[in-house]
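Before any comments, here is the structure.
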Amino acid sequence: MADTARARRLAKRIAQIVASGLEYEVKDPRLAMVTITDARLTPDLRDATVYYTVFGDEADYSSTAAALASATGVLRSRVGAQTGVRFTPTLTFVADTVPDDARRLEDLLDRAKEADAEVARLASGAEHAGEADPYRQQPDDEEENGTETPGSDSVTSADADVRRRPHNG
């Protein structure tokens with residue numbers, strides 16, 4: 051087993067070799083708008099997965115996949131000659147979905163912003179269903195005069211007289 055740092059370095063080098071091979075050595079017009087985005091290598095350095103993007107539509111993706119499949123042998127030979135490893139890894143090409151996923155997420159975020167703006171617009175003219183302050187409060191004039199509302203927990207002077215009298219039972 052190779053260490054992961056070596057696998058990362060070799061994967062980066064493989065991505066560079068494949069990109070330059072597509073640009074200078076492989077003369078297929080279907081590969082004109084291909085960008086190599088990343089390469090991953092298994093820990094045993096036997097299999098490399100090369101990720102690519104294509105500027106175009108679904109038809110361009112399918113024709114590019116076919117062109118990469120036909121150029122795999124040439125690119126693998128080039129990787130073997132330029133890396134100097136004992137076993138040249140097999141190359142597997144996978145379309146990179148990160149740009150499409152990012153575009154889809156941007157669309158979802160735009161729709162969420164529009165929905166939030168609609169909710170804010172509807173809420174701007176809305177009123178409370180009940181009172182503005184639903185909690186009961188004592189009126190301010192009773193607090194200033196010292197009077198209490200009936201049924202409160204304070205003791206009045208009549209209650210105090212009843213409590214002071216002895217009970218004859």
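51 is the number of the first residue of the sequence shown in this note's numbering; add one for each residue after it. Think of the CB as a built atom: it goes at the ideal place given N, C-alpha and C, for glycine as much as any other residue.
(request) Check Leu95 in the structure and name its three-state DSSP category. (result) coil
(request) Assuming Tyr102 and Ala145 form a contact by the criterion Cβ under 8 Å, report the distance between their Cβ atoms to the nearest whole angstrom. (result) 6 Å
(request) Tell me whether Phe143 is buried or exposed, calling it buried when 16 or more other Cβ atoms sit within 10 Å of its Cβ. (result) buried
(request) Could you tell me which residues DSSP puts in a beta bridge with Ala116? (result) Beta-bridge pairing links Ala116 to no other residue.
(message) Looking at Val135: is its Cβ nearer than 8 Å to the Cβ of Glu75?
(response) Between Val135 and Glu75, the C-beta gap is not smaller than 8 Å, which leaves the two residues out of contact.
(message) So for Thr147, helix, strand or coil by DSSP?
(response) It is coil, neither helix nor strand.
(request) Can you grab the Cα-Cα spacing for the pair Ala131 / Val100, in whole Å? (result) 18 Å
(message) Excluding the 5 residues flanking Leu81 on each side, which residues of the same chain have their C-beta closer than 8 Å to its C-beta?
(response) Leu72, Thr114, Ala117, Leu118, Ala121
(message) Quick check on the burial criterion: 16 or more other C-beta atoms within 10 angstroms. Buried or exposed for Arg153?
(response) exposed
(message) Per DSSP, what are the beta-bridge partners of Tyr101 in this structure?
(response) Asp88, Val144
(request) Please report how far the alpha carbon of Ala182 lies from the alpha carbon of Lys163, in whole angstroms. (result) 29 Å
(request) Reducing DSSP to helix, strand and coil, say where Thr122 ends up. (result) Looking at Thr122 - three-state DSSP - the assignment turns out to be helix.
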